[in-house]
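Below is one structure, written out as C-alpha cells; comments come after it.
2 protein chains.
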Amino acid sequence: MTDLPPTSEAAPWQMQPIALLRSPYREKFGIPRQPGLVDVTSHVDMVAGYDDPAMVEGLEGFSHLWLTFVFHACAEQGWRSRVRPPRLGGNTRVGVLASRAPFRPNHLGLSAVQLVDIDTRGGVRLTVLGADLLDGTPILDIKPYVPYADAIADAAGGFAPTPPTPLEVGFLPAAAAALQGRAELEMLIVQVLSQDPRPTYQAGEVGREYGMALADVDLRFRIHGGRVEVIGIAPRA
Amino acid sequence: MTDLPPTSEAAPWQMQPIALLRSPYREKFGIPRQPGLVDVTSHVDMVAGYDDPAMVEGLEGFSHLWLTFVFHACAEQGWRSRVRPPRLGGNTRVGVLASRAPFRPNHLGLSAVQLVDIDTRGGVRLTVLGADLLDGTPILDIKPYVPYADAIADAAGGFAPTPPTPLEVGFLPAAAAALQGRAELEMLIVQVLSQDPRPTYQAGEVGREYGMALADVDLRFRIHGGRVEVIGIAPRA
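Protein sequences appear in the order of chains A and B.
When we follow our numbering, the leftmost residue of the first sequence carries the number 1, and every step to the right adds one.
When we follow our numbering, the leftmost residue of the second sequence carries the number 1001, and every step to the right adds one.
See the structure below:
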C-alpha cells in the first residue's frame, strides 16, 4: 500500500495462446458456471510452435490437469468491480475477485479437467473431460494437477460451498425422436440443461422458451420448477 | 491438429498485473518448488487501478485463494520443451507441461494460498500463507478456491504423488545467537531450509557451503545427509 513497486514489475505481459480448446459449446449461453460439473469431452489442440510431443512427455502419469485460459468472448466487454454470482440468485453483488466470473481483470479462467488421452500423431491433441469452455477458447497454460498441493479438502467455500442442485431433464416426443441412435448427444443435452442455463434474472419466468446451439444441433426448451422440457432438436444450419 | 483455428483466436493477449506480491524471498535460490509446503506469510498489494475495496467484497468467506502469477525472474530465459524436475533427482527429463517449472511458455504460475487477512485501509492488501514466491512477483489474477470444483482428492499425482520429505535443520552456536528474540525468523529459516534448496544436480555434494538472502538476513549453511546446518546469520547490507 505504501512502498509502491517499481513500475517495471507492474508492466504488462504479453501472453501467447499455446493451444485452442475444441468443445461442443457454440455459444456462451448454456455453459455451466463452474468447471467439472458436466463431463463434456473437449480437445486441447496445441497450436503451431507449441505442438512438439516432447512438451507433454510424462503428462500421462497425471489424472487431472489445470487449464489456464482466456474468457475470450467476454474480453471486449471489459471488467467490473462487482458481479452478481448465479449462486446468490443473481441479486446479490460480490467483488469480482471473490467470484470466478469472466468479467474480471485480464479475463483469466482456470479449470481442473480430467485427462483422458494424449495423441501425438501429427501435432499434439489432449482429450479432456469437464472443461466447460466455449469452442475456440485460447489456452495459455497446461499444468499437472498435483494433489498434495492443489487438493485442499477442508477449504471453506464461501457462498459456493456445494455444487448447485441439477434440474430434471425430459424430452417431448418430437425431440426424443430426433435423438434416435444419438446416445452421446442425449447425454450431453441432459448434462448441460440439468445445470440450468438460464440467466439468473430470468429464473422466475415460467414457460418462456429458450434456444441454444449445442454441438451440431439447435435445441428449444422450457423450464418449469425443477424440470427442463426439451421441445425440439434440429440439425444446425 | 487438422482444422486449424482462425489466427485471431491464437493472437497474443496483453495481461496487466493487478497486484504485486511482497515476501521474504529475495532471490530465486531457496524458494520451495511446490507451493503450500512452507507457511511463509506474504502480502498481495493491489496496484493502482485495481485497489478498489469493492473488488474483494465477499472474499472473506473463502479460506483459500488461487494466485495466478508470472515467474518474472525467469521470463528472460525463455522456455524449454523438457525440464528436469527436482522430484526426479534432476536427472530425468519430462515435458515442461508435465511439470510446474517456471521455464514454460508464458511463464505462468499458479498457487493455492490460505487467506489470512484483508486490509482495505488506504488501498487493498491481502495477507496470505503458503505463497512461496519471489518478492515483487506480478499477480495477474486472484480467485476464490472453490472446494467442490478444485479439490480432487483422488487425482493421480504422476511423479509427485506426495510432498518431499523435509530435512532436519540445526543451528551452530553463532547462528543460534543471532536468532535471539527472533522466533519468527527462526521458524522461517527452518521451514525454508527443510525443503532442501539445493539445485538437484548438486544434491550429492557433501560439505559445500551455500549462501542465501532471506527476509532481512544473509544465511550460510551446509547440508550433509538429511540434515541442514546453519553456520551463520548476518544482517543484510
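Every residue, glycine too, gets a C-beta built ideally from N, C-alpha and C.
Computed from a prediction, not measured in an experiment: that's the story for all the values here.
- Nearest in C-alpha terms to THR68 of chain A, of all of B:GLY1170, B:MET1212, B:HIS1107, is B:HIS1107.
- Where GLN1114 of chain B is concerned, the enclosing beta strand (DSSP E) starts and stops at 1108-1119.
- When C-beta atoms of the region 1098-1112 of chain B are compared with those of the region 1051-1067 of chain B, three or more pairs fall below 8 angstroms, so the two segments count as touching.
- Residues of the region 1124-1143 of chain B with a Cβ closer than 7 angstroms to any Cβ of chain A, in chain order: ARG1125, GLY1136, PRO1138, LEU1140, ASP1141, ILE1142, LYS1143.
- In the three-state scheme derived from DSSP, where H, G and I count as helix and E and B as strand, ASP51 of chain A is classed as coil.
- Residue-level contact by beta carbon fails for ILE31 of chain A and chain B, as no gap is shorter than 8 angstroms.
- Note that the region 48-56 of chain A does not touch the region 88-101 of chain A; fewer than 3 beta-carbon pairs, one per stretch, sit closer than 8 angstroms.
- ALA1176 of chain B and PRO1235 of chain B have their alpha carbons spaced roughly 14 angstroms apart.
- Listed along chain A, the residues sitting closer than 8 angstroms to SER1081 of chain B by beta-carbon distance are ASP52, ALA54, MET55.
- Contact fails between the region 117-125 of chain A and the region 1081-1088 of chain B, because fewer than three Cβ pairs, one in each stretch, are under 8 angstroms apart.
- Residue-level contact check: VAL1192 of chain B does not touch chain A, since none of the beta carbons of chain A fall below 8 angstroms from its beta carbon.
- Where SER42 of chain A is concerned, there is no enclosing alpha helix (DSSP H), although the beta strand (DSSP E) around it starts and stops at 41-46.
- Contact annotation: GLY226 of chain A and GLU184 of chain A have beta-carbon atoms that are not nearer than 8 angstroms.
- Under the criterion of beta carbons closer than 8 angstroms, ASP39 of chain A and GLY130 of chain A qualify as touching, at roughly 6 angstroms.
- Rounded to the nearest angstrom, the Cβ distance from PHE1159 of chain B to GLY136 of chain A is 32 angstroms, too far for a contact under 8 angstroms.
- The C-alpha of GLY157 of chain A is placed about 6 angstroms away from the C-alpha of PRO1147 of chain B.
- Leaving aside the five residues that flank PRO17 of chain A on each side, the residues in its chain whose CB is nearer than 7 angstroms to its CB run, in chain order, VAL47, PRO138, ILE139, LEU140.
- Its chain contains ARG84 as the residues whose beta carbon lies nearer than 7 angstroms to that of ASN91 of chain A, once the 5 sequence neighbours on both sides are disregarded; these appear in chain order.
- A residue is called buried once 16 or more other Cβ atoms fall within 10 Å of its Cβ, and PRO12 of chain A, having fewer, is exposed.
- If you draw a straight line from the Cα of ASP1218 of chain B to the Cα of ARG33 of chain A, it is about 48 angstroms long.
- Across the region 1087-1105 of chain B, CB contacts with chain A closer than 8 angstroms involve ARG1093, VAL1094, GLY1095, VAL1096, LEU1097, ALA1098, SER1099, ARG1100, ARG1104, PRO1105, in sequence order along the chain.
- Here the C-alpha atom of TYR1025 of chain B lies approximately 54 angstroms from the C-alpha atom of ILE223 of chain A.
- For the options B:ALA1178, B:VAL1230, B:VAL1206, the alpha carbon positioned closest to that of GLN1191 of chain B is the one of B:VAL1230.
- Annotation for PHE71 of chain A: PRO102, HIS107, GLY109 place their beta carbon closer than 7 angstroms to its own, counting only its chain and skipping 5 residues before and after.
- Assigned with DSSP and collapsed to three states, LEU134 of chain A falls in coil, not helix or strand.
- In the three-state reduction of the DSSP assignment, ARG87 of chain A falls in the helix class, which pools H, G and I.
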